[in-house]
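Quick notes on the structure that follows.
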Amino acid sequence: YIQTLTQPRLHYSEMETNDINGNTGNWFHILTNDEQTNEALSKQLGEVEVQTESVNSQIGLDRQDRGNRQSQVNKVRLLEANDIGRLSEREMITIRTIKRRDKKGHDVRPLPIFSTGAYRMPFAYELLGKQYSLDYYT
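In terms of the working numbering, the sequence shown opens at residue 1 and continues consecutively.
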């Protein structure tokens, strides 16, 4: 597990670091303040096309109404790098490049997963409950 994409450079050359990052099968991103990592993750998530529409109208005194409507399509990233750097507690982004079949064996496209709201990661004490009690140590 690494926290930033530059962390392996402490022990490996830049070429080896690029190989390690490129061969990563699944990314589970929780949070980092490293701008380079957030930017790379934002690019990896991809873009979506957003259509915006603007309407201008003029109302004349002689009941002559004039107007025009313009429509424009822009590409916007799913999550910007600064949004990724501000994830809330227990939120996670998952990017899967492997595992391209569902449980029934059908081919699926590995779309990114944004775990938020009711789908956030649970705290350990919520997940384990009384199964592992720390009462012995307190």
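Every residue, glycine too, gets a C-beta built ideally from N, C-alpha and C.
- Between R96 and the set T17, V73 and T24, the nearest pair of CA atoms involves T24.
- Of the residues assessed, N74 falls on the exposed side of the cut-off, its CB having fewer than 16 other CB atoms within 10 angstroms.
- Under the three-state reduction of DSSP output, G22 falls in the helix class.
- Bridge pairing for G46: absent [DSSP].
- A check of alpha carbon separations from G22 across T52, P8, R77 and A81 identifies P8 as the nearest.
- About 5 Å separates the beta carbon of R77 from that of E47, a gap short enough to meet the 8 Å contact definition.
- With fewer than 16 other Cβ atoms from the protein chains shown falling within 10 Å of its own Cβ, L61 counts as exposed.
- As the crow flies, the alpha-carbon of E16 is around 28 Å from that of I113.
- Under the three-state reduction of DSSP output, Q131 falls in the coil class, being neither helix nor strand.
- Here I59 is exposed. Its C-beta has fewer than 16 other C-beta atoms within 10 Å.
- Within 10 angstroms of the beta-carbon of N38 lie 16 or more other beta-carbons, which makes it buried.
- In this structure, V55 sits near R69, with a CB-CB distance shorter than 8 Å.
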